[in-house]
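Chemist: To start, I am sharing the structure in question, which I have written as structure tokens.
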Amino acid sequence: MNDTNIFQRLEAMFTNVANQEHGSILYIFFAGIVFGTIIQYVRADKFEKIAGFAMLKDTIVPKMLFLTVGLTSIGLYFMIDAGVASYHLKPIILPGLIIGGLMFGVSMAIMGKCPGTGPISIAEGRVDVLVGAFGGLLGGLVFTLFYDEVFHPLMGESMGSIALPSLFPGYESFVVIAFGLAVIAVAILIPKKELEDEADICQITGKKLNKEEAKE
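Residue numbers (the numbering used here): 67 to 282.
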């Protein structure tokens, strides 16, 4: 592999990210505070929440996700339509999505974190998540360096970028609102289950109760 090409690709990657228009630093900072506050409020940064979701013993995370997707689908569509927001549709690369989805799901269940909740846990001083973050950075570096030779053939051919509203020309707004409301309804209808029992939490985390905790 040509070292010059590696450095050129890395430089192009950073340049591309730096030139993207994501709003002012103040706006991004404020959005981050709101996001972190919501995550901590629903305790989605806790290991037992993600692990409980993976084991179908805690439904707080899926309720939050479905509600977020429903509200954001409607809001983002009309913001884009008004010209105050934009987005880039990723192509459908089926083999890559299947392989990546399996790897992501297994890793998320093992760590009990996702890329969104991970930095929040790191800010709380969780060393295990910090180790996982370094692993993610290393994985991204390996993916970047060996993309052409190893990963691109595994990912398969692109099926193009498809947006749900584009499948129903003339009814785009109706489809978006219907989809958003349907997803919100799913969030509401999912039975609320939380790991309130300390024994259940210990079963998932592998933690042993000390004498004081056992009395409580």
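Just so it is clear, CB atoms sit at the ideal spot from N, CA and C, and this is done for glycine as well. These numbers were taken from a predicted model, which means no experiment stands behind them.
Measure the C-alpha to C-alpha separation of V127 and I99 and round it to an integer number of angstroms.
Modeler: Near 19 Å, if we compare the C-alpha coordinates of I99 and V127.
Chemist: Leaving out five residues before and five after I72 in sequence, what residues of the same chain have Cβ atoms less than 8 Å from its Cβ?
Modeler: Cβ within range, chain order: L211.
Chemist: Is DSSP giving M221 helix, strand or coil here?
Modeler: Correct three-state label for M221: helix.
Chemist: Buried or exposed: D111, going by 16 or more other Cβ atoms within 10 Å of its Cβ?
Modeler: So D111 ends up on the buried side.
Chemist: Buried or exposed: where does T183 fall if 16 or more other Cβ atoms within 10 Å of its Cβ makes it buried?
Modeler: Classification of T183: buried, given that the 10 Å Cβ count is 16 or more.
Chemist: Measure the alpha-carbon distance for H218 versus G178 and round it to whole angstroms.
Modeler: Taking the straight line joining both Cα atoms gives about 29 Å.
Chemist: Near R75, which residues of its chain fall below 8 Å by C-beta distance, leaving aside the five closest residues on each side in sequence?
Modeler: Closer than 8 Å at the Cβ level, and outside the excluded window around R75, lie T210.
Chemist: Can you tell me which of I158, P257 and F245 puts its alpha carbon nearest to the alpha carbon of T134?
Modeler: If we check each option's Cα against that of T134, F245 comes out closest.
Chemist: Report the three-state DSSP secondary structure of M177 (helix, strand or coil).
Modeler: Here M177 sits in helix by DSSP.
Chemist: Please return the same chain residues whose Cβ sits closer than 7 Å to the Cβ of I165, not counting the five positions on each side in sequence.
Modeler: Once the five neighbours on either side are set aside, the close Cβ partners of I165 are L220.
Chemist: Are there three or more Cβ pairs, one per stretch, closer than 8 Å when the region 137-148 is compared with the region 236-245?
Modeler: Touching, yes.
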